[in-house]
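Before any comments, here is the structure.
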Amino acid sequence: MRRALELARLGEGRTRPNPAVGAVIVCGDEVVGEGFHPQAGEPHAEIFALRQAGEKARGAELFVTLEPCSHHGRTGPCAEAVLAAGIRRVCIGTVDPNPQVAGRGIARLQACGVEVCSGVIEAECRRLVAPFAKHITTGLPFVVLKSAMTLDGRTATVTGDSRWITGTESRARVHQLRDRMDAVMVGIGTLLRDDPLLTTRLPEGGRDAARIVVDSGLRIPESAAILSVQSAAPTIIATTHAAPAEKIARLRARGAQIVVTAAGEGGVDLRDLLRQLGTSGIQSILLEGGNILNAAALRAGLIDRVMIFIAPLLLGSGEAPGIFAGRGPERLVDALKLTAVQVRRFGDDTLIEGEVQACSPA
């Protein structure tokens with residue numbers, strides 16, 4: 078199953094609207110077939126593995142990170158292909174969260190005499206498909222909050238200088254994240270301060286995510302770098318009905334996509350924005366700040382995973398900004414809690430990440 082997870086990650090971020098899936102077929106002690114789902118419209122992981130295994134699949138075991146589908150979509154149901162190949166046992170990482178499947182694939186296999194076990198390395202398999210799961214069940218994208226801070230909790234100096242808090246290894250990891258996400262989102266404050274490109278810069282090039290700027294007052298300069306970047310991914314500006322129509326027209330002429338939302342607390346209604354983005358097919362968003370946007374997303378209950386890079390620096394300032402703006406809770410019992418926490422090192426920096434345990438609107 079760990080090998081199946083490795084294979085599945087090769088398609089991570091490339092398969093929407095489908096989930097990333099990996100499969101391994103074992104006959105005795107020999108791996109006879111492997112596969113992963115590369116993109117929508119291509120065969121699923123099980124089909125690639127079955128093709129590679131050929132006749133050796135008969136009587137073999139299939140390890141697959143996600144329950145084989147049982148319905149007809151752009152491709153045929155994998156459960157039927159597994160049955161036709163003569164697989165005797167199927168080990169599944171996690172049940173498919175898609176209501177069209179949700180156990181039906183397992184039931185179909187068991188009804189035909191195939192031995193099925195599920196929940197193998199389930200936490201990792203569920204984490205892999207978390208963006209797909211949230212999108213298919215709620216219509217909203219999965220939001221990962223990424224930030225970098227000093228050891229004393231500051232994301233910039235009092236003058237706004239934040240380049241660079243973290244080292245090269247941490248920044249390379251962020252570009253790997255962008256390569257696997259559908260969109261990167263920042264607030265207008267970050268854009269005005271840093272004029273970022275929000276592109277993916279890896280040695281092998283990588284894939285750009287859609288670039289989203291939350292800008293309720295449409296303050297974005299028409300000279301902003303994000304409006305001139307050469308990229309196949311779109312630049313999306315989220316604003317409100319109060320934005321001037323003339324500037325909307327000029328920005329659209331520059332190639333930007335404009336999303337107009339209802340007015341929320343202090344500007345753009347983030348839940349309405351995410352609903353519209355989810356309807357357009359975006360399943361995952363890397364939220365890169367700043368602290369006003371981070372706080373608004375937190376209060377709206379829209380953050381699903383948190384990734385904080387901590388650098389061994391001390392600013393010693395009580396006025397420098399932190400990850401979140403605003404007052405926050407008065408009692409520790411009301412603090413946001415993370416589960417499945419992981420701690421990793423990137424050079425001298427420490428990455429702490431975890432899933433949001435309970436995030437509901439205030």
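Position one of the sequence shown corresponds to residue 78 (the numbering used here), numbered consecutively onward. Even glycine gets a Cβ: it sits at the ideal position worked out from N, Cα and C. Being a predicted model, the structure only gives us computed values, none of them experimental.
{"Item": "DSSP on LEU415, reduced to helix/strand/coil?", "Value": "strand"}
{"Item": "Curious, which full-length alpha helix (DSSP H) runs of at least 4 residues does the stretch 207 to 255 contain?", "Value": "207 to 215"}
{"Item": "Run through the DSSP bridge pairs and tell me what LEU279 is partnered with.", "Value": "GLY282"}
{"Item": "Which same chain residues end up closer than 7 Å to THR359 when comparing Cβ atoms and leaving out the 5 residues on each side of it in sequence?", "Value": "In the sequence as displayed, the identity of residue 359 is Ile instead of Thr. The residues are PRO218, ASP259, ALA260 and ALA287."}
{"Item": "Output the distance between the C-alpha atoms of THR317 and ASP381, rounded to the nearest integer angstrom.", "Value": "25 Å"}
{"Item": "As an exercise, report each continuous beta strand (DSSP E) stretch of at least 3 residues that is fully enclosed by the stretch 296 to 330, in chain order.", "Value": "312 to 317"}
{"Item": "Counting only runs of 4+ residues fully inside the stretch 338 to 379, write out the alpha helix (DSSP H) ranges in chain order.", "Value": "347 to 356 and 368 to 376"}
{"Item": "Below 8 Å on the Cβ atoms is my guess for GLY393 versus ASP229; work out the distance and round it to an integer in Å.", "Value": "7 Å"}
{"Item": "Please say whether ILE385 and SER224 have beta carbons closer to each other than 8 Å?", "Value": "yes"}
{"Item": "Who are MET384's beta bridge partners in DSSP?", "Value": "LYS223 and GLU430"}
{"Item": "Below 8 Å on the Cβ atoms is my guess for LEU379 versus LEU351; work out the distance and round it to an integer in Å.", "Value": "6 Å"}
{"Item": "Can you tell me which of PRO176, GLU144, ALA319 and GLU246 puts its alpha carbon nearest to the alpha carbon of ARG422?", "Value": "GLU246"}
{"Item": "For the beta strand (DSSP E) that contains THR92, what are its first and last residues?", "Value": "Per DSSP, THR92 belongs to no beta strand (DSSP E) and is neither H nor E."}
{"Item": "Provide the residue(s) that pair with GLN334 in DSSP beta bridges, ordered along the chain.", "Value": "ILE313"}
{"Item": "Does the contact criterion of 3 or more C-beta pairs under 8 Å hold for the stretch 329 to 349 versus the stretch 301 to 315?", "Value": "yes"}
{"Item": "Under the assumption that VAL103 contacts ALA137 (Cβ atoms under 8 Å), give the Cβ distance between them as a whole number of angstroms.", "Value": "6 Å"}
{"Item": "Three-state secondary structure (DSSP) at CYS436?", "Value": "Because CYS436 carries a pLDDT of 46, less than 50, the predicted location of this residue cannot be relied on, and no value is offered for it."}
{"Item": "Tell me, please, whether the CB atom of MET384 is closer than 8 Å to any CB atom in chain D?", "Value": "This model lacks chain D altogether, as it is built from one protein chain only."}
{"Item": "Since ARG203 contacts THR171 with CB under 8 Å, what's their CB separation in whole angstroms?", "Value": "5 Å"}
{"Item": "Hey, which unbroken runs of the beta strand (DSSP E) at 3 residues or more fall wholly within the stretch 120 to 173?", "Value": "138 to 143 and 166 to 171"}
{"Item": "Taking the alpha-carbon of ALA310 as reference, which of GLN434, GLY88, ASP285 and ARG327 has the nearest alpha-carbon?", "Value": "ASP285"}
{"Item": "For ALA397, which residues from the same chain have a beta carbon less than 7 Å from its beta carbon, with the 5 sequence-adjacent residues on both sides left out?", "Value": "ARG231, ALA233, THR234 and VAL235"}
{"Item": "Give the single residue among HIS252, ALA339, VAL433 and LEU347 whose Cα lies nearest to the Cα of VAL290.", "Value": "LEU347"}
{"Item": "So, for THR267: in the same chain, excluding its five sequence neighbours on each side, which residues have a beta-carbon less than 8 Å away from its beta-carbon?", "Value": "PRO273, GLU365, GLY366, GLY367 and LEU370"}
{"Item": "Any idea what DSSP makes of GLU199, helix, strand or coil?", "Value": "helix"}
{"Item": "Excluding five sequence neighbours on each side, which residues of the same chain lie with their C-beta closer than 7 Å to the C-beta of ARG91?", "Value": "PRO115 and GLN116"}
{"Item": "Let me confirm a value: GLU192 is counted as buried when at least 16 other C-beta atoms fall within 10 Å, else exposed. Which label applies?", "Value": "exposed"}
{"Item": "Are the CB atoms of SER147 and VAL178 nearer to each other than 8 Å?", "Value": "yes"}
{"Item": "Starting from the C-beta of GLU89, find all residues in its chain whose C-beta is less than 6 Å away, skip the five residues before and the five after it, and write them out in chain order.", "Value": "ALA97 and ARG257"}
{"Item": "Short of 7 Å in beta carbon distance, which residues of its chain neighbour THR416, apart from the five on each side in sequence? Order them along the chain.", "Value": "GLY431, GLU432 and GLN434"}
{"Item": "Below 6 Å CB to CB, which residues in the same chain sit around ARG270 once its five sequence neighbours on both sides are set aside?", "Value": "GLY237"}
{"Item": "What residues in its chain sit with their C-beta under 8 Å from that of LEU82, if we drop five residues either side in the sequence?", "Value": "GLY99, THR142, GLY170, ILE198, GLU201, CYS202 and LEU205"}
{"Item": "Could you give the DSSP three-state label for ALA117: helix, strand or coil?", "Value": "coil"}
{"Item": "Leaving aside the five residues before and after VAL383 along the sequence, list all residues of the same chain whose C-beta is less than 7 Å from its C-beta, in chain order.", "Value": "LEU222, LEU415, GLU430, GLY431 and VAL433"}
{"Item": "With DSSP as the reference, label ALA179 as helix, strand or coil.", "Value": "coil"}
{"Item": "Does the beta-carbon distance from PHE125 to ALA85 come in below 8 Å?", "Value": "no"}
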